[in-house]
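Below you'll find the structure, written out as structure tokens, and then a few comments.
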Amino acid sequence: MPTPRISLDQWAAFKAVVDAGSFALAAEALNKSQSSVSYAIARLQEQLPRPVLTLAGRRAVLTEEGKVLYRRATELLRHAEVTEDYARISAQGLEAEVRIAVDLLLDVRLILPALDSLSTHYPFTRVRILETSLSGTEEALLEKKAEIVIGSQVPVGHTGTPVKQIRMIPVAHPSHPLFTQREKVECRETAALGDPDGITEWDLKAARQIVLRDSGARREQNAGWLGSEQRWTVSHFASSLKILRAGLAFAFLPEDWVAEDLRTGTLRQLPLADGGERLIMLHLMLSNRETVGPATRLLAESLVQCLRRSA
């Protein structure tokens with residue numbers, strides 16, 4: 010790659026002259042002598058095919074070519090400044106990237122405030138989100154695939170901070186046979202305390218169920234009640250929702266994932282005879298507490314705060 014002929018100092022002088030309107034004011038802004046600024050501009054003009062500045066009395070005026078190059082020079086100088094800032098922050102031990110494994114039980118929208126806070130404090134630290142399920146979440150912790158892990162199982166030898174309780178509820182489309190075959194069920198709004206006349210496990214076994222596939226490489230699990238003889242397995246709750254909205258099955262899903270569908274009536278909670286509610290506590294875990302960096306620490310603290318507020 011050829012070395013640029015025009016230096017950053019020359020582009021900085023060019024921008025300063027345009028912004029200030031004169032060589033004298035530009036020299037003052039750059040804390041340089043007027044002769045050094047004039048020399049930088051002269052060298053820049055020599056190395057360009059066409060002039061970028063003309064003099065109108067004592068004032069420097071952009072040519073048409075200069076207007077385009079001024080915008081490019083401004084971007085070039087900004088990128089150079091950002092690069093220097095990144096080098097300075099990296100020297101302080103800041104992580105270039107923080108990886109976070111989030112179990113699919115948690116709606117990723119709930120952690121957006123924490124991610125935004127990290128970007129505000131450490132704009133150069135990238136974030137990689139791994140969406141995992143079942144043993145895949147535990148695997149991300151044990152194999153250090155992520156610095157921060159949010160999951161339901163705290164492995165032996167690790168500690169976790171409880172952050173949010175997930176309520177799993179059975180849902181289906183209002184036209185699903187589980188509703189329509191029982192007129193006594195259709196008029197009931199909820200079965201939070203259990204409904205002796207509600208849908209039984211025998212009813213569920215005869216219906217098609219959507220279950221979540223295990224994202225782990227070593228174990229094969231499925232999420233949810235597995236009593237149905239007919240099961241469709243998917244890799245993400247987003248796929249579950251599409252199938253449910255088509256009225257083709259029922260599923261146990263986190264309440265946060267289906268809140269909008271329940272509000273609009275696209276989906277309804279199945280009133281089960283035993284109540285049908287399952288509670289799962291999510292914990293925040295660090296793969297290595299001894300080597301945690303400042304960005305990871307800040308993100309972990311922000312995640313705990315925002316998830317507990319959302320509970």
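If you read the sequence shown in our numbering, its first letter stands for residue 10, the second for the next number, and so on.
By construction, the Cβ of each residue, glycine as well, lies at the ideal position given by its N, Cα and C atoms.
Next on the checklist: Could you tell me the alpha carbon to alpha carbon distance between residue 211 and residue 287, rounded to whole angstroms?
Outcome noted: One-based indexing of the sequence shown puts residue 211 at position 202. One-based indexing of the sequence shown puts residue 287 at position 278. Straight-line Cα distance between these residues: approximately 18 Å.
Item to check | residue 256, DSSP secondary structure in three states | outcome: Residue mapping note: residue 256 aligns to position 247 of the sequence shown, counting from 1. Note: residue 256 maps to coil in three-state DSSP.
Item to check | the segment 46–59 in contact with the segment 10–25 per 3-pair CB rule at 8 Å | outcome: yes
Next on the checklist: Please give the ranges of any beta strand (DSSP E) in the segment 38–119, keeping only runs that are unbroken, at least 3 residues long and fully inside the region.
Outcome noted: 62–65, 68–71, 106–112
Checklist entry - Does the distance from the C-beta atom of residue 117 to that of residue 294 stay below 8 Å? => result Reading the sequence shown from its first residue, position 108 is the one you call residue 117. Reading the sequence shown from its first residue, position 285 is the one you call residue 294. Not closer than 8 Å, so no.
Checklist entry - How close, in whole Å, do the beta carbons of residue 158 and residue 317 come, if the pair is a contact with beta carbons under 8 Å? => result Residue numbering aside, residue 158 sits at position 149 when the sequence shown is read from its first letter. Residue numbering aside, residue 317 sits at position 308 when the sequence shown is read from its first letter. Not really, about 17 Å apart at Cβ, beyond 8 Å.
Checklist entry - Closest to residue 275 by CA distance: which of 304, 237, 262, 180 is it? => result If you number the sequence shown from 1, residue 275 lands on position 266. With distances taken between Cα atoms, residue 275 lies closest to 180.
Item to check | Continuous beta strand (DSSP E) stretch holding residue 173: start and end | outcome: As a working note, residue 173 is residue 164 in the sequence shown. From DSSP, the beta strand (DSSP E) with residue 173 extends over 170–181.
Next on the checklist: So, with DSSP's three-state summary, where would you put residue 200?
Outcome noted: Taking the sequence shown and counting its residues from 1, one reaches residue 200 at position 191. Caution is warranted here: a pLDDT of 42 is assigned to residue 200, below 50, making its placement in the model unreliable, and no coordinate value can be reported.
Checklist entry - What does DSSP give as the partner residues of residue 266 in its beta bridges? => result To locate residue 266, count along the sequence shown from 1; it is residue 257. None, per the DSSP bridge assignment.
Checklist entry - residue 276 by DSSP, collapsed to three states: which one? => result Here residue 276 refers to the residue found at position 267 when the sequence shown is read from its first residue. Correct three-state label for residue 276: coil.
Next on the checklist: I need the DSSP call for residue 19, collapsed to helix, strand or coil.
Outcome noted: Within the sequence shown, the letter at position 10 stands for residue 19. It is helical.
Checklist entry - Can you name the start and end residues of the beta strand (DSSP E) that residue 135 belongs to? => result For the purposes of this step, residue 135 is taken as the residue at position 126 of the sequence shown. Its beta strand (DSSP E) spans residues 135–141.
Checklist entry - Applying the criterion that 16 or more other CB atoms from any shown protein chain within 10 Å of the CB defines a buried residue, is residue 156 buried or exposed? => result Walking along the sequence shown from the start, residue 156 turns up at place 147. With 16 or more other Cβ atoms within 10 Å, it is buried.
Next on the checklist: Mapping the DSSP letters down to three states, classify residue 292 as helix, strand or coil.
Outcome noted: Working through the sequence shown from its first residue, we reach residue 292 at position 283. Three-state DSSP puts residue 292 in a strand.
Item to check | From 130, 49, 220, residue whose alpha carbon lies closest to that of residue 14 | outcome: Taking the first residue of the sequence shown as position 1, residue 14 is located at position 5. Answer by Cα proximity: 49.
Item to check | Neighbourhood of residue 154 by C-beta distance below 6 Å, restricted to the same chain and skipping five residues each side | outcome: Counting from one through the sequence shown, the residue named residue 154 turns up at place 145. So the list is empty, once near-sequence residues are dropped.
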